[in-house]
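Comments concern the structure below.
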Amino acid sequence: MEHESINSWIWDGVYYHPHLFGGLMLTAALLGLSTSYFAGIAVPSLPYSWYSQGLFHKKTREKKRIRVYMDGCFDLMHYGHANALRQAKALGDELVVGVVSDEEIVANKGPPVLSMEERLALVSGLKWVDEVIPNAPYAINEQFMRSLFNEHKIDYIIHGDDPCLLPDGTDAYALAKKAGRYKQIKRTEGVSSTDIGPGPNARVVYIDGAFDLFHAGHVEILKSARQLGDFLLVGIYPDHTVSLSVLACRYVDEVIIGAPSEITKDMIITFNISLVVHGTVAESNASAMVGADPYAVPKSMGIFRLLESPKDITTTSIAQRIVANHEAYTKRNAKKTKSEKKYYAEKKIPFADRLTLVSDALYEAAKKSCSRDFVNVDSTNTACVADIDATDELTQQIPSVHVLEPNCKSAMAMPGSGDSVSARRSLGQ
Numbered sequence: 001m002e003h004e005s006i007n008s009w010i011w012d013g014v015y016y017h018p019h020l021f022g023g024l025m026l027t028a029a030l031l032g033l034s035t036s037y038f039a040g041i042a043v044p045s046l047p048y049s050w051y052s053q054g055l056f057h058k059k060t061r062e063k064k065r066i067r068v069y070m071d072g073c074f075d076l077m078h079y080g081h082a083n084a085l086r087q088a089k090a091l092g093d094e095l096v097v098g099v100v101s102d103e104e105i106v107a108n109k110g111p112p113v114l115s116m117e118e119r120l121a122l123v124s125g126l127k128w129v130d131e132v133i134p135n136a137p138y139a140i141n142e143q144f145m146r147s148l149f150n151e152h153k154i155d156y157i158i159h160g161d162d163p164c165l166l167p168d169g170t171d172a173y174a175l176a177k178k179a180g181r182y183k184q185i186k187r188t189e190g191v192s193s194t195d196i197g198p199g200p201n202a203r204v205v206y207i208d209g210a211f212d213l214f215h216a217g218h219v220e221i222l223k224s225a226r227q228l229g230d231f232l233l234v235g236i237y238p239d240h241t242v243s244l245s246v247l248a249c250r251y252v253d254e255v256i257i258g259a260p261s262e263i264t265k266d267m268i269i270t271f272n273i274s275l276v277v278h279g280t281v282a283e284s285n286a287s288a289m290v291g292a293d294p295y296a297v298p299k300s301m302g303i304f305r306l307l308e309s310p311k312d313i314t315t316t317s318i319a320q321r322i323v324a325n326h327e328a329y330t331k332r333n334a335k336k337t338k339s340e341k342k343y344y345a346e347k348k349i350p351f352a353d354r355l356t357l358v359s360d361a362l363y364e365a366a367k368k369s370c371s372r373d374f375v376n377v378d379s380t381n382t383a384c385v386a387d388i389d390a391t392d393e394l395t396q397q398i399p400s401v402h403v404l405e406p407n408c409k410s411a412m413a414m415p416g417s418g419d420s421v422s423a424r425r426s427l428g429q
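What follows is the structure, given as structure tokens:
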């Protein structure tokens with residue numbers, strides 16, 4: 001009991017008069033007053049409440065979050081853009097996206113279809129994007145790269161495995177590669193879907209549409225619809241390529257691919273839909289659809305609402321922009337095609353570890369397209385395999401090709417020996 005009262009007295013004193021007791025303890029230590037009296041005092045345990053009150057902080061070292069950067073024009077956003085950003089986010093913890101300025105796009109590719117404001121709305125609406133940098137340069141120069149590393153704390157710069165060439169034919173990401181802060185993604189990788197479902201008491205909001213040429217107007221109407229409930233379910237008319245663009249929107253929880261044109265009571269019950277909405281802005285041909293009102297059932301149930309569309313953009317209006325600038329876009333595409341042909345014509349095709357079995361049909365097609373004769377390749381004698389320049393005709397058919405040097409032919413068996421795919425390791429795919 002005596003020790004307990006002393007413990008209580010000491011801790012009360014430390015708590016209410018920390019400077020006084022701190023001075024006393026320091027004095028005792030300096031004078032060497034470590035007597036039997038002090039030794040006999042039990043060391044009191046810290047009250048649990050002191051930790052909860054934040055009087056003692058446990059220092060923990062937080063793991064550094066990896067920030068990655070990816071840029072693009074994002075003109076006419078499609079599922080390929082969304083998939084690329086999804087993969088970029090997987091390489092880090094936070095994804096910062098640079099949207100190239102209108103002026104830079106005009107200088108390097110031709111006039112953009114969408115304005116900067118519309119492109120920013122599309123990119124900002126993606127669920128994988130954490131930050132957006134407007135008016136980014138088309139090519140990453142020294143000054144902008146320093147800004148990314150120092151101001152935006154970027155760890156890696158990401159781009160797809162397709163070439164991004166400047167008008168002079170140079171690589172737009174050469175500096176990032178030289179700095180060792182460059183990572184690459186596959187532009188053709190598969191896509192994933194969500195596995196998140198609504199809670200048992202969630203208010204499910206449903207909206208449907210074609211969502212063709214996914215644009216800023218779609219993002220805004222989906223945002224407005226999401227604010228009306230806990231879970232946004234989106235019906236998409238049969239088009240699998242559109243589904244990822246819609247699902248990538250941060251306001252969308254799940255999509256129904258191949259949604260019915262008319263909403264039935266069975267569908268409402270099955271998906272536990274609380275509210276069905278439709279925007280005031282729609283395609284001009286939508287109102288001309290023959291048949292019954294597709295929203296008749298939700299209207300009769302009192303769960304239909306007409307939602308004011310924040311923007312008056314439609315797929316038709318975007319198509320009209322393209323038609324109006326047809327000549328400029330034609331020149332832009334021709335210029336880009338020329339640069340890409342030059343890139344592939346000068347590219348050496350490596351052979352290391354890329355030999356795979358191919359069918360007779362593909363083997364013969366490659367043999368006819370190449371200036372050298374093809375021979376069977378023995379996996380134990382790959383030293384005879386030589387790199388060659390890809391021809392335009394060959395590149396269009398297959399991504400890469402391997403042949404033997406002429407002086408190695410005598411040591412190998414010629415093709416057509418009977419087995420259709422026995423040792424024909426001519427193409428790397």
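Residues in the sequence shown are numbered from 1 upward in steps of one, following UniProt numbering.
Virtual Cβ for every residue (Gly too), placed ideally from N, Cα, C.
Here the structure is a predicted model, which is why all the values come from computation and not from measurement.
Practice problem: Report, in whole angstroms, the separation of the C-beta atoms of Val281 and Thr314, which I expect to be a contact under 8 Å. | Solution: 6 Å
Quiz item: When you compare only the Cα positions, how much space is there between Lys153 and Leu166?
Solution: 26 Å
Practice problem: Spatial neighbours of Ala225 within its chain, please: CB distance less than 8 Å, with the 5 preceding and 5 following residues excluded, ordered by chain position. | Solution: Val205, Ile207, Leu232, Tyr251, Val277, Leu307
Quiz item: What three-state label does DSSP hand Asn141 in the structure shown?
Solution: coil
Practice problem: Give the straight-line distance between the Cα atoms of Met145 and Pro200, rounded to the nearest whole angstrom. | Solution: 48 Å
Practice problem: Give the straight-line distance between the Cα atoms of Glu142 and Lys109, rounded to the nearest whole angstrom. | Solution: 22 Å
Practice problem: Decide yes or no for the touch test of the region 265–277 against the region 293–306: beta carbon pairs closer than 8 Å, at least 3 of them. | Solution: yes
Practice problem: Could you spell out the range, first to last residue, of the alpha helix (DSSP H) harbouring Asp102? | Solution: 102–108
Practice problem: With DSSP collapsed to three states, give me the class of Lys183. | Solution: strand
Quiz item: Which same chain residues, not among the five before or five after Glu118, have their C-beta less than 6 Å away from its C-beta?
Solution: Ala216
Quiz item: Closest to Leu95 by CA distance: which of Ser274, Ala324, Arg65 is it?
Solution: Arg65
Quiz item: In chain order, what residues of the same chain lie with their CB nearer than 8 Å to the CB of Cys164, ignoring the 5 residues before and after it?
Solution: Asp171, Ala172, Tyr173
Exercise. Would you kindly work out how many angstroms separate the C-alpha atoms of Val323 and Asp155, rounded to a whole number?
Key: 41 Å
Quiz prompt | Supposed contact pair Gly72 and His81 - C-beta distance, whole angstroms, cut 8 Å | solution = 7 Å
Quiz item: How is Glu131 classed by DSSP in three states: helix, strand or coil?
Solution: strand
Quiz item: In this structure, does DSSP put Leu307 in helix, strand or coil?
Solution: strand
Self-check item: Span of the alpha helix (DSSP H) around Ile221
Solution: 216–226
Exercise. Name the one or two DSSP bridge partners that Cys249 has.
Key: Leu126
Quiz item: Residue range of the alpha helix (DSSP H) that Gly80 falls in?
Solution: 79–90
Exercise. Pick out whichever of Ser147, Asp253, Asp212, Ile105 has its Cα sitting closest to the Cα of Val234.
Key: Asp253
Quiz item: Based on the DSSP secondary-structure assignment, which residues constitute the bridge partners of Ala136?
Solution: Val100
Exercise. Label Asn83 either buried or exposed according to how many other C-beta atoms from any shown protein chain fall within 10 Å of its C-beta, with 16 as the threshold for buried.
Key: buried
Practice problem: Within 10 angstroms of the Cβ of Glu220, are there 16 or more other Cβ atoms? Answer buried if so, exposed if not. | Solution: buried
Quiz prompt | Where Ala107 falls, given that 16 or more other Cβ within 10 Å makes a residue buried | solution = exposed
Quiz item: I think Ala328 touches Pro111, with their Cβ atoms under 8 Å apart; what is that distance to the nearest whole Å?
Solution: 5 Å
Quiz item: Apart from the five residues just before and just after Leu122, which ones in its own chain have a Cβ nearer than 8 Å to its Cβ?
Solution: Phe74, Met77, Leu114, Phe214, His215, Ala216, Val219
Quiz item: Beta carbon of Ile263, beta carbon of Tyr295: below 9 Å?
Solution: yes
Practice problem: Work out the CA separation of Gly98 and Tyr69 for me, nearest whole Å. | Solution: 7 Å
Quiz item: Helix or strand or just coil, what does DSSP make of Glu62?
Solution: coil
Exercise. Could you check if Pro260 is buried or exposed, using at least 16 other CB atoms within 10 Å of its CB as the buried criterion?
Key: exposed
Quiz item: Which partner residues of Ile236 appear in the DSSP bridge assignment?
Solution: Gly209, Ile257
Quiz item: Considering Met70, what are the terminal residues of the beta strand (DSSP E) in which it resides?
Solution: 67–72
Quiz prompt | Pair within 9 Å by beta-carbon distance, Pro198 and Asp230 | solution = yes
Quiz item: Going by DSSP, which residues form a beta bridge with Leu95?
Solution: Val68
Practice problem: Enumerate in chain order the residues of its own chain whose CB-to-CB distance from Ile105 is below 6 Å, with the five nearest sequence positions on each side excluded. | Solution: Cys73, Pro112
Exercise. In the DSSP assignment, find the unbroken alpha helix (DSSP H) run with residue 431 in it and report its ends.
Key: In the structure as shown, the chain begins at 1 and stops at 429. Residue 431 is therefore absent and cannot be evaluated.
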